[in-house]
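K.L.:
Residue numbers (UniProt numbering): 1 to 221.
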């Protein structure tokens, strides 16, 4: 099957399931992750390895289709993904690479155990985390906070040191706290050198935003 046909099938699958997501994990998030991961990989390795590129694009577009914070039936969702991958006629190794990546790349999955991803998976993970930073990351933070009924900020709700998935998902928090509890730390979790550079730049932008936010919160002119 030609690569362009495979990619369209993957994109259509993701678009059908994620287009109406209001949390910042919609199809366009997946599209940004796919494009950035591919760009970073090509910059380091070139574009001759088409199998690696389809692994990257498939994992990027599909990574949130089995996320338990977004879908109600993980088993069914994973079966759908597996069926799609079977239809793409990928090699068994590529199929397993994609599945392992999307099952183990999330931030919450790696809080207590650091999973070793393939080279392709590392680029997808970096791109996914980079999309949580910078201007896009700020916008997505408030989109998710509103969806979760979290306050923008409340000085009476303390920032905590998130240790595990239960802390991450269930403790009382605010949109501003989320920057300190997770987002500002992401630049230190990048796998690739290019990912580290981009993450650092976007983190600086967020720190500037937070400084401005707190100045305005305190009524400063």
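Where a beta carbon is used, it is the ideal one built from N, C-alpha and C, also for glycine.
(1) Residue 192 by DSSP, collapsed to three states: which one?
(2) Please name the residue, chosen from 13, 114, 117 and 174, that lies closest to residue 83 on a Cα-to-Cα basis.
(3) Relative to the alpha-carbon of residue 38, which residue among 119, 66 and 69 has its alpha-carbon at the smallest distance?
(4) Measuring alpha carbon to alpha carbon, tell me which of 216, 132 and 220 ends up nearest residue 205.
(5) With a threshold of 7 Å on Cβ separation, who are the neighbours of residue 135 within its own chain once the five nearest residues in sequence on each side are excluded?
(6) Check this for me: beta carbons of residue 199 and residue 186, under 8 Å apart or not?
(7) Taking the alpha carbon of residue 11 as the point to measure from, which residue in 140, 22, 99 and 61 has its own alpha carbon closest?
(8) Go ahead and label residue 97 buried or exposed: buried means 16 or more other beta carbons lie within 10 angstroms of its beta carbon, across all protein chains shown.
(9) Can you tell me whether residue 188 is buried or exposed, with buried defined as 16 or more other CB within 10 angstroms of its CB?
(10) With DSSP as the reference, please indicate the residues paired to residue 151 in a beta bridge.
(11) Quick one: any contact between the segment 135-145 and the segment 161-180, if contact means 3 or more CB pairs under 8 Å?
(12) CB residue 247 to CB residue 162, shorter than 8 Å?
P.N.:
In short:
(1) Working through the chain shown from its first residue, we reach residue 192 at position 192. Three-state DSSP puts residue 192 in coil, outside helix and strand.
(2) Here residue 83 is taken as the residue at index 83 of the chain shown, counted from 1. If we check each option's Cα against that of residue 83, 13 comes out closest.
(3) Your numbering for residue 38 matches position 38 in the chain shown. Nearest C-alpha to residue 38: 119.
(4) In the chain shown, counting from the first residue as 1, residue 205 sits at position 205. With distances taken between Cα atoms, residue 205 lies closest to 132.
(5) Mapped onto the chain shown, residue 135 falls at position 135. So the qualifying residues of the chain are 205.
(6) Counting from 1 along the chain shown, the entry for residue 199 is found at position 199. Counting from 1 along the chain shown, the entry for residue 186 is found at position 186. Going by C-beta atoms, residue 199 is nearer than 8 Å to residue 186.
(7) The residue given as residue 11 occupies position 11 in the chain shown. Ranking 140, 22, 99 and 61 by Cα distance to residue 11 puts 61 first.
(8) By one-based count along the chain shown, residue 97 stands at place 97. Burial call: buried.
(9) Taking the chain shown and counting its residues from 1, one reaches residue 188 at position 188. Counting Cβ neighbours within 10 Å, residue 188 comes out exposed, since fewer than 16 surround it.
(10) The sequence position of residue 151 within the chain shown is 151, counting from 1. 174.
(11) yes
(12) Nothing about residue 247 can be read from this structure; the chain reaches only from 1 to 221.
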